[in-house]
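Letter by letter, the sequence shown follows residues 1 to 127 of full-length UniProt numbering. Virtual Cβ for every residue (Gly too), placed ideally from N, Cα, C. It should be emphasised that the depicted structure is a prediction, and the values quoted were computed from it without experimental measurement. The structure appears right after this line, and notes come after that.
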Amino acid sequence: MSQPAPYQIDVSVTTRYLPEQSQPEQNRFAFSYTVIISNNGGLPAKLTSRHWIITDGDARVQEVRGPGVIGQQPTIEPGASHTYSSGTVLATRVGIMQGSYQMLGADGTKFDAEIKPFRLAVPGALH
């Protein structure tokens with residue numbers, strides 16, 4: 001059996017439309033997203049910063065960079081995960097988010113953990 005790679009960070013995301021925080025008549029569509037960041041590697045890794053690329057249904061792109069996630073810079077041990085929830089507001093009923101987390105490994109290695117594209121959509125907006 002092979003050893004796990006020193007760093008293997010996997011990211012999964014679930015989303016939810018928030019009708020109570022949205023104002024469709026003003027082109028304001030609110031979404032929450034819950035992220036699970038899993039360390040499937042062999043060494044601890046600290047999440048130091050984030051980079052989001054948010055594209056709405058009209059192809060308007062917004063980039064967000066900042067330290068950590070929701071005010072935290074968690075260290076994720078091998079076999080463990082870190083979960084958090086956040087949100088965003090779009091001017092369209094559909095959008096896509098993607099990006100990366102900048103990580104610092106226990107041995108000083110800096111690397112990016114990819115956040116694959118995921119869709120934000122008002123229920124019924126997609127056929």
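Got a sec, what are the start and stop residues for the beta strand (DSSP E) residue i sits in?
i      : result
LEU104 : 94-105
THR83  : 81-90
ILE115 : 110-121
VAL11  : 9-17
ASN27  : Taken as a continuous stretch (DSSP letters only), ASN27 belongs to no beta strand (DSSP E), as it is neither H nor E.
Got a sec? Which residues, its chain only, sit under 8 Å from residue i by beta carbon, not counting five neighbours each side?
i      : result
GLU77  : ASN39 and PRO44
THR14  : TYR33 and THR34
SER86  : SER32, TYR33, VAL35, VAL69 and ILE70
ALA125 : ARG93 and VAL94
For residue i, tell me which candidate among the options has the shortest Cα-Cα distance.
i      : options                  : result
GLY105 : LEU47, ALA121 and ILE115 : LEU47
GLY99  : ILE115, PHE111 and ARG16 : ILE115
GLY95  : ILE53, SER12 and ASP10   : ILE53
Quick one: what's got a C-beta closer than 6 Å to residue i's C-beta in the same chain, skipping five residues either side?
i     : result
LEU90 : PHE29 and ASP56
Which partner residues does residue i have in the DSSP bridge list?
i     : result
GLY66 : ARG50
- prompt: Do the stretch 49-69 and the stretch 14-22 make contact, defined as three or more Cβ pairs closer than 8 Å?
  reply: no
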